[in-house]
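Start counting at 1 in the sequence shown, then tack on 329, and there's your number in this note's numbering. Read the structure below first, then the notes.
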Amino acid sequence: MQTVTILGLETSCDETSVAVIRNGKLLSNIISSQIVHEQYGGVVPELASRAHQKLIVPVVNEAMAKAEVRKEELSAVAVAVGPGLMGSLLVGVNFGKAFAYGLGIPFIAVNHMEAHIYSNFIDDPVPQFPSMNLTVSGGHTQLVLLKDEFTYEIVGETKDDAAGEAFDKVAKMLNLGYPGGPQIDIYAKKGNPNAIKFPRPYATENDFHFSFSGIKTSVLYYLRDNKLRDTEIPEQLLADICASFQSSVVDVLVQKTIRAAQQYGVRDIAVAGGVSANSRLRDEMKKAAEKNGLQLFIPKFEYCTDNGAMIAEVGYRKYQRSIFSPINATAIANLEL
Ligand SMILES: Nc1ncnc2c1ncn2[C@@H]1O[C@H](COP(=O)(O)OP(=O)(O)OP(=O)(O)O)[C@@H](O)[C@H]1O
Ligand SMILES: [Mg+2]
330 MQTVTILGLE TSCDETSVAV IRNGKLLSNI ISSQIVHEQY GGVVPELASR AHQKLIVPVV
390 NEAMAKAEVR KEELSAVAVA VGPGLMGSLL VGVNFGKAFA YGLGIPFIAV NHMEAHIYSN
450 FIDDPVPQFP SMNLTVSGGH TQLVLLKDEF TYEIVGETKD DAAGEAFDKV AKMLNLGYPG
510 GPQIDIYAKK GNPNAIKFPR PYATENDFHF SFSGIKTSVL YYLRDNKLRD TEIPEQLLAD
570 ICASFQSSVV DVLVQKTIRA AQQYGVRDIA VAGGVSANSR LRDEMKKAAE KNGLQLFIPK
630 FEYCTDNGAM IAEVGYRKYQ RSIFSPINAT AIANLEL
């Protein structure tokens, strides 16, 4: 068997991540999260690209060393070319193209959202085609029918905020820091999900679109009406707000995913993207899948948020089909699936 070794680079937002996959087996996946953004309560694009510029070489070296792979052994370099922040993407894309060109090996452009879907294919067992994929991250909320390898149909997406964005904005209102999703998850564990009734937009409608800005505004109104803005919220009430908000978002995500799977007649469902790290989403989706006779796939935590492994996985699959990209391929900030 020919040995295929792929280097995967991810720099689309605020994670500098590099992975090595050999013959489908992940050998390393180094993720360096930029902490510089915390003090600003969100990602500052210019600071993100400067940090990538500093980190890209050391992170590549670390990933290669951990995998015990020399650069002469690489078969191709795969890079996330979009969607994402332009300045951040350009660091990975330009480094990746130069590295591939210098080594005389193919360059493989990878769509970051496609890679999130393929994060469920890194470890066995993997979903069978066709599968229904919920991608929930900081910038996207999509239901995608994966008909066959690299053949997608977007069956629904958010009309306003992404689910992760709503988590981050609500966390900001509650002074929980950035990124807020993981903090809400932690506080929610001590709270009552039925304490406050926040809306569940479009939950019962027959299409597969989402809307999360209304839930976020309801939290804002709740805080305003109860004079809780810019004050120290009592611990139990804070936990109840987090649990109730989280349960609204999760209910909608679970109901729509199950209904989409049923309508499109698929057995395998998969969740990916940063919000798939959410403990309630993982638990509720598991219960609903079991109840409805569906097979659920959710990636390991380190493959939920941005990571090089998912880029290398898509690169490995494209390499086997000789899907390569020209050396003049470039970053596209609003690249679609
Ligand atoms: N446990 C959790 N519960 C809820 N949300 C979470 C959790 N962990 C991470 N998140 C959310 O995941 C998001 C980050 O995910 P990811 O890194 O995939 O997004 P992104 O790369 O910024 O966006 P995109 O992939 O759409 O370009 C953030 O909004 C973060 O709050
Ligand atoms: Mg992402």
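Just so it is clear, CB atoms sit at the ideal spot from N, CA and C, and this is done for glycine as well.
Since residue i is in the alpha helix (DSSP H), which residue starts that stretch and which ends it?
| i | result |
| --- | --- |
| A658 | Premise fails: A658 is in no alpha helix (DSSP H) and is neither H nor E. |
| M461 | That residue, M461, is in no alpha helix (DSSP H); its beta strand (DSSP E) goes 460-465. |
| T546 | 542-554 |
| T340 | From DSSP, T340 is part of no alpha helix (DSSP H); its letter is neither H nor E. |
State the start and end residues of the unbroken beta strand (DSSP E) segment that holds residue i.
| i | result |
| --- | --- |
| G622 | First-last for G622: undefined, no H or E at that position. |
Find the nearest neighbour of residue i within the set the options, judged by alpha-carbon distance.
| i | options | result |
| --- | --- | --- |
| D477 | V465, A396, M461, K620 | M461 |
| A618 | D635, D597, G602, E631 | D597 |
| I437 | E561, G421, F450, A568 | G421 |
| P454 | S466, G353, K585 | G353 |
| E482 | G543, T533, F458, A491 | F458 |
| P374 | S540, T332, L419, E391 | L419 |
| I385 | E339, L376, E367, A429 | E339 |
| N621 | R611, R646, R650, Q584 | Q584 |
| E401 | G413, Y369, P435 | P435 |
| A429 | G644, Q591, A638 | G644 |
| I515 | F496, F527, T533, N440 | F496 |
| H445 | I656, Q649, P387, L463 | L463 |
| S417 | S346, P387, A394, K629 | S346 |
For residue i, is the classification buried or exposed, using 16 other Cβ atoms within 10 angstroms of its Cβ as the cut-off for buried?
| i | result |
| --- | --- |
| V349 | buried |
| P456 | buried |
| V473 | buried |
| S654 | buried |
| P508 | buried |
| Y632 | buried |
| D559 | exposed |
| Q331 | exposed |
| A377 | buried |
| S466 | buried |
Flag this pair as yes or no: are the beta carbons of residue i and residue j separated by less than 7 Å?
| i | j | result |
| --- | --- | --- |
| V410 | A660 | yes |
| E344 | S362 | yes |
| S577 | I544 | yes |
| V548 | V499 | yes |
| G337 | A407 | yes |
| F539 | T487 | yes |
| query | Residues with a Cβ closer than 5 Å to any heavy atom of ligand 2, in chain order? | reply | S466, D635
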